[in-house]
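K.L.:
The opening residue of the sequence shown carries number 2 in this note's numbering; numbering runs sequentially from there. Every residue gets a Cβ at the ideal spot worked out from N, C-alpha and C, and that includes glycine. Structure in structure tokens, see below.
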Amino acid sequence: MAGVVGGARRGEGHPPPLFIVARGGATTTPKIGGGSARTSAISSRTFDSCRVRPLSKNHSAQIIVPNELAHLGVGGAVTRALIRAADPKWIYAGCVIPDGPWILQRAVHALPCAVDPYSLRLYCITQSSLLFCLVLAAGLAALAQAPKRVFTILALNSLVHLLLDACETKWGNGVDLLAPFFWKPWNLELFWPESLTSYLLTAFGFTYVIVVWWHGRRVPIGVSFTSHRRVATAATLFAAYVFAPLFLMSQPARANSHFLATLRATGHRSGQLLELDRARYVRGEHGDAIITFAGEEIGVAGVTGTRSGSVSVRGVFSDENTMRIDVLHEHWSRIRDSFSQIGLVVVALYWLKPCLDWLRRRFGDSAK
Ligand SMILES: [Zn+2]
Numbered sequence: 002m003a004g005v006v007g008g009a010r011r012g013e014g015h016p017p018p019l020f021i022v023a024r025g026g027a028t029t030t031p032k033i034g035g036g037s038a039r040t041s042a043i044s045s046r047t048f049d050s051c052r053v054r055p056l057s058k059n060h061s062a063q064i065i066v067p068n069e070l071a072h073l074g075v076g077g078a079v080t081r082a083l084i085r086a087a088d089p090k091w092i093y094a095g096c097v098i099p100d101g102p103w104i105l106q107r108a109v110h111a112l113p114c115a116v117d118p119y120s121l122r123l124y125c126i127t128q129s130s131l132l133f134c135l136v137l138a139a140g141l142a143a144l145a146q147a148p149k150r151v152f153t154i155l156a157l158n159s160l161v162h163l164l165l166d167a168c169e170t171k172w173g174n175g176v177d178l179l180a181p182f183f184w185k186p187w188n189l190e191l192f193w194p195e196s197l198t199s200y201l202l203t204a205f206g207f208t209y210v211i212v213v214w215w216h217g218r219r220v221p222i223g224v225s226f227t228s229h230r231r232v233a234t235a236a237t238l239f240a241a242y243v244f245a246p247l248f249l250m251s252q253p254a255r256a257n258s259h260f261l262a263t264l265r266a267t268g269h270r271s272g273q274l275l276e277l278d279r280a281r282y283v284r285g286e287h288g289d290a291i292i293t294f295a296g297e298e299i300g301v302a303g304v305t306g307t308r309s310g311s312v313s314v315r316g317v318f319s320d321e322n323t324m325r326i327d328v329l330h331e332h333w334s335r336i337r338d339s340f341s342q343i344g345l346v347v348v349a350l351y352w353l354k355p356c357l358d359w360l361r362r363r364f365g366d367s368a369k
């Protein structure tokens, strides 16, 4: 189902036929093909200028946390095959590391203050690269009683997570394994989030976390703050994790990662290719629109026959504020969101008891 690819490329004059990849992956023909002229505005909305507005609650809700359950299962199975007695707590922590920036992005969008969505996105792209996953893994491992072992587990699970992400189809998106030397996102487009493969991986992850639930839950947290040298090393690495992306985020911008350079270059977008992963499609009385992660409304040329909801699209700007969609895929966002939330709750619960035990031991002892 991943093979439905629009033929549109920059500079191609004739619009290719429009395909709709329906939920579940079947490809259907459109009701009406995309026209070259921009349709009129949606209801009261206008596309006279390219507007980026503060994200409303609806917009922030469309920024989806990836499916954590599948990551926990796959990461856990791979790690246990290579490192038999690996502590599930650290396995799960490693599984979450690459998604940390995206969870943070979601939290920042929920804040009442205004943040430039493009800069925030670039920061998250940079920080979620394998390079910074390893920096965070090294920082956490510096505080562990068995630093080499913990670093290996965290690094391995970060890598497995990113490789699994690379297999899932994400248009205009992907993982950065070779940063800071190469910033073009890598995506194999093997299966959609709404596919049998994805559901089987999720079911496997769900089964895995239940089966290993009892295993390792009483294993001590295994961290120590007694060595000043190691605490200083950890603090330096955490600072690098937070601040170094600020100095590198111009590189994914230059590589047009997530098509951010295209989106930002208002006034030069006509004829440019655009791919969006999980944008919001809104149907209107006088025309439809795509709402990007940044809250910009981009008019849709022609009628695609799709419903309002989360979609991935490929197409070309037919003018500055209108997109001619060549391929469209509808998502089932709510199901995916639920899988992710369950996965994050599992990780939190798994860490809760050892953390409480550690705090009780440390501060209980010092109070005596
Ligand atoms: Zn991910």
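Please name the residue in L345, A143, T127 whose C-alpha comes closest to that of F248.
P.N.:
Your numbering for residue 248 matches position 247 in the sequence shown. The candidate whose alpha carbon is nearest that of F248 is T127.
K.L.:
Tell me, which residues are paired with L275 by DSSP?
P.N.:
Reading the sequence shown from its first residue, position 274 is the one you call residue 275. Answer by DSSP bridge pairing, in chain order: G316.
K.L.:
In whole angstroms, give me the CA-to-CA distance for S41 and G288.
P.N.:
The residue given as residue 41 occupies position 40 in the sequence shown. The residue given as residue 288 occupies position 287 in the sequence shown. Because the pLDDT of S41 is 32, which lies under 50, any placement of that residue in the model is unreliable, and the question is left without a value.
K.L.:
Note down the Cα distance separating L157 from G95, rounded to an integer number of angstroms.
P.N.:
On the sequence shown, residue 157 is found 156 positions in, with the first residue counted as 1. On the sequence shown, residue 95 is found 94 positions in, with the first residue counted as 1. When rounded, the distance between both Cα atoms is 7 Å.
K.L.:
Should D117 be counted as a contact of ligand 1 given a C-beta to heavy atom distance under 7 Å?
P.N.:
The residue you call residue 117 lines up with position 116 of the sequence shown. Checking every heavy atom of ligand 1 against the Cβ of D117, none is found closer than 7 Å.
K.L.:
Select from A115, R362, L73 the residue whose C-alpha is nearest the C-alpha of S225.
P.N.:
Residue numbering aside, residue 225 sits at position 224 when the sequence shown is read from its first letter. Checked all of A115, R362, L73; the closest Cα to S225 is R362.
K.L.:
G76 lies in the alpha helix (DSSP H); which residues open and close that run?
P.N.:
Translated into positions along the sequence shown, residue 76 becomes position 75. 69-83 is the extent of the alpha helix (DSSP H) around G76.
K.L.:
Helix, strand or coil, according to DSSP, for V97 in the structure here?
P.N.:
Taking the sequence shown and counting its residues from 1, the one referred to as residue 97 is at position 96. Correct three-state label for V97: helix.
K.L.:
Using CA atoms only, rank isn't needed, just tell me which of M324, G101, I343, C134 is closest to I292.
P.N.:
Here residue 292 is taken as the residue at index 291 of the sequence shown, counted from 1. Ranking the options by Cα distance to I292, first place goes to M324.
K.L.:
With 16 other CB atoms within 10 Å as the buried threshold, where does C114 fall?
P.N.:
As a first step, residue 114 is located in the sequence shown; it is residue number 113 there, counting from the start. It counts as exposed.
K.L.:
Rounded to whole angstroms, what's the CA-CA distance from A254 to L277? Just pull it up for me.
P.N.:
Along the sequence shown, one-based indexing puts residue 254 at 253. Along the sequence shown, one-based indexing puts residue 277 at 276. If you take the alpha carbons of A254 and L277, they lie about 16 Å apart.
K.L.:
Answer yes or no: the CB of P99 versus the heavy atoms of ligand 1, is any distance below 7 Å?
P.N.:
Counting from 1 along the sequence shown, the entry for residue 99 is found at position 98. P99 Cβ: within cutoff of ligand 1.
K.L.:
What does DSSP give as the partner residue(s) for V301 in the beta ladder?
P.N.:
In the sequence shown, counting from the first residue as 1, residue 301 sits at position 300. Paired residues: M324.
K.L.:
For ligand 1, I want to know if D166 counts as a neighbour, meaning its beta carbon is within less than 7 Å of at least one of the ligand's heavy atoms.
P.N.:
By 1-based counting over the sequence shown, the position of residue 166 is 165. Answer for D166: yes, Cβ within range of ligand 1.
K.L.:
Which residues mark the beginning and the end of the beta strand (DSSP E) in which I291 is found?
P.N.:
Position 290 of the sequence shown, counted from the first residue, corresponds to residue 291. From DSSP, the beta strand (DSSP E) with I291 extends over 290-292.
K.L.:
Mind pulling the alpha helix (DSSP H) runs of 4 or more residues that sit fully within the segment 176-254?
P.N.:
Those alpha helix (DSSP H) runs which fall completely within the segment 176-254 and span 4+ residues are 197-212, 229-249.
K.L.:
Tell me whether G310 sits in a helix, a strand or coil according to DSSP, three-state version.
P.N.:
Working through the sequence shown from its first residue, we reach residue 310 at position 309. Strand.
K.L.:
Please state the DSSP three-state secondary structure of A138.
P.N.:
Your numbering for residue 138 matches position 137 in the sequence shown. A138: helix per DSSP, three-state reduction.
K.L.:
I need the DSSP call for G34, collapsed to helix, strand or coil.
P.N.:
Against the sequence shown, residue 34 aligns to sequence position 33. Because G34 sits at a pLDDT of 31, beneath the cut-off of 50, its placement in the model cannot be relied upon, and the following sentence gives the value as read from the coordinates. Of the three classes helix, strand and coil, the one that applies to G34 here is coil, per DSSP.
K.L.:
So is the beta-carbon of H330 under 7 Å away from any non-hydrogen atom of ligand 1?
P.N.:
The count along the sequence shown starts at 1 and reaches residue 330 at position 329. No; taking the cut-off as 7 Å, the Cβ of H330 has no heavy atom of ligand 1 nearer than that.
K.L.:
Quick one: Cα of W359 to Cα of L189, how far?
P.N.:
In the sequence shown, counting from the first residue as 1, residue 359 sits at position 358. In the sequence shown, counting from the first residue as 1, residue 189 sits at position 188. Their backbone Cα atoms lie some 42 Å apart in a straight line.
K.L.:
Within 7 Å: the Cβ of H162 and any heavy atom of ligand 1?
P.N.:
In the sequence shown, the residue the question calls residue 162 occupies position 161. Checking the Cβ of H162 against ligand 1 gives yes.
K.L.:
Would DSSP call H330 helix, strand or coil?
P.N.:
Your numbering for residue 330 matches position 329 in the sequence shown. Reduced to three states, the DSSP call for H330 is strand.
K.L.:
According to the neighbour-count rule (16 or more other Cβ atoms, all chains shown, within 10 Å of its Cβ), is Q342 buried or exposed?
P.N.:
Residue 342 sits at position 341 when you count from the first residue of the sequence shown. When all chains shown are included, Q342 counts as exposed.
K.L.:
Using beta-carbon positions only, say whether G272 and V314 come within less than 8 Å of one another.
P.N.:
Here residue 272 corresponds to residue number 271 of the sequence shown, with the count starting at 1. Here residue 314 corresponds to residue number 313 of the sequence shown, with the count starting at 1. No.
K.L.:
In whole angstroms, what separates the C-alpha of V210 from that of P355?
P.N.:
Position 209 of the sequence shown, counted from the first residue, corresponds to residue 210. Position 354 of the sequence shown, counted from the first residue, corresponds to residue 355. When rounded, the distance between both Cα atoms is 17 Å.
K.L.:
Give me the residue from H216, S130, F205 with the minimum Cα distance to L179.
P.N.:
Residue 179 sits at position 178 when you count from the first residue of the sequence shown. The shortest C-alpha separation from L179 is found at S130.
K.L.:
Identify which residue in R150, M250, F192 has its Cα closest to the Cα of F182.
P.N.:
If you number the sequence shown from 1, residue 182 lands on position 181. The residue with the shortest Cα to Cα distance from F182 is M250.
K.L.:
Relative to the C-alpha of A147, which candidate in V109, T80, C134, I222 has its C-alpha closest?
P.N.:
Translated into the one-based positions of the sequence shown, residue 147 becomes position 146. The residue with the shortest Cα to Cα distance from A147 is I222.
K.L.:
Helix, strand or coil for A295, going by three-state DSSP, please let me know.
P.N.:
To locate residue 295, count along the sequence shown from 1; it is residue 294. In this structure, A295 counts as coil in the three-state DSSP scheme.
K.L.:
Which partner residues does A1 have in the DSSP bridge list?
P.N.:
Outside the shown range of the chain, which is 2 to 369, sits residue 1, and nothing can be said about it.
K.L.:
Comparing C-alpha positions only, which one of G303, P99, R150 sits nearest to L345?
P.N.:
For this step, residue 345 is matched to residue 344 along the sequence shown. Comparing Cα positions, the closest option is P99.
K.L.:
Would you please state the rounded distance, in angstroms, between the beta carbons of L121 and Q106? I believe it to be under 8 Å.
P.N.:
Residue 121 sits at position 120 when you count from the first residue of the sequence shown. Residue 106 sits at position 105 when you count from the first residue of the sequence shown. With a Cβ gap of about 6 Å, L121 and Q106 count as contacting.
K.L.:
Would you mind working out which of L261, R284, Y282, E286 sits nearest I274, comparing C-alpha positions?
P.N.:
As a first step, residue 274 is located in the sequence shown; it is residue number 273 there, counting from the start. The displayed chain sequence assigns Leu, not Ile, to residue 274. For the residues L261, R284, Y282, E286, the minimum Cα distance to L274 belongs to L261.
K.L.:
Closer than 6 Å by C-beta to A241: which residues in its own chain qualify, once you throw out the five before and the five after it? Chain order, please.
P.N.:
Position 240 of the sequence shown, counted from the first residue, corresponds to residue 241. Result list for A241: V136, in chain order.
K.L.:
Express the C-alpha separation of K185 and L123 in angstroms, rounding to a whole number.
P.N.:
As a working note, residue 123 is residue 122 in the sequence shown. As a working note, residue 185 is residue 184 in the sequence shown. Taking the straight line joining both Cα atoms gives about 13 Å.
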